[in-house]
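Step one of this worksheet: look at the structure below.
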Amino acid sequence: MMAMEISNTASKLPTALLSRGLGAPGSEGQSNMQGDFSFDLPDGNRFDLTYSADENGYKPNSAFIPTDHPLPAHVVELLAIVEDLVRQGATWNDKGERLTRRK
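The UniProt record's numbering numbers the first residue of the sequence shown as 1 and each following residue consecutively.
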């Protein structure tokens with residue numbers, strides 16, 4: 001596959017936005033893109049984001065993007081208790097009140 005540069009731009013705008021992008025035709029007719037942008041936040045921090053986009057979709061990466069965190073040990077334990085109760089036939093209403101009891 002021959003790579004073709006679609007764009008390679010760097011621009012500094014009055015809002016302190018800096019962006020760069022590079023693209024090439026993809027294997028399935030899409031445009032494969034990768035790049036980054038950054039800007040200054042009102043609190044003085046800098047927002048940085050890198051990205052790629054290809055046949056598998058858009059994949060942004062930034063410390064500012066929320067990620068799933070591991071559940072605390074007590075939550076894992078409570079979920080295991082609920083799973084055990086469900087296996088025993090327990091049910092709950094939409095308010096979280098248990099409807100069935102052990103016999």
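We put the CB at the ideal spot given by N, CA and C, even for glycine.
Just verifying my parser: in three-state terms, what is the DSSP assignment at residue 101? The residue you call residue 101 lines up with position 101 of the sequence shown. If DSSP states are grouped into helix, strand and coil, residue 101 belongs with coil.
What residue from 42, 28, 51 and 47 has the CA that sits closest to residue 22's CA? Within the sequence shown, residue 22 is the residue found at index 22, counting from 1. For residue 22, the nearest C-alpha among the options comes from 51.
Please go through the same chain and pick out, in chain order, the residues whose beta-carbon is closer than 7 Å to the beta-carbon of residue 92, but skip the five residues on each side of it. Here residue 92 is taken as the residue at index 92 of the sequence shown, counted from 1. The beta carbon of residue 92 sits closer than 7 Å to the beta carbons of 98 and 99 from its chain, once the five residues preceding and following it are set aside; these are given in chain order.
When you compare each of 95, 94 and 80 to residue 88 by their alpha carbons, which one comes out closest? Here residue 88 refers to the residue found at position 88 when the sequence shown is read from its first residue. Selected option, being the one with the closest Cα: 80.
Does the distance from the C-beta atom of residue 33 to that of residue 63 stay below 8 Å? Translated into positions along the sequence shown, residue 33 becomes position 33. Translated into positions along the sequence shown, residue 63 becomes position 63. No, these two residues do not count as a Cβ contact at 8 Å.
CB contact flag (residue 49, residue 68, <8 Å): The residue you call residue 49 lines up with position 49 of the sequence shown. The residue you call residue 68 lines up with position 68 of the sequence shown. Between residue 49 and residue 68, the C-beta spacing is not below 8 Å.
Go ahead and pull the three-state DSSP assignment for residue 41. Counted from its first residue, the sequence shown places residue 41 at position 41. In this structure, residue 41 counts as coil in the three-state DSSP scheme.
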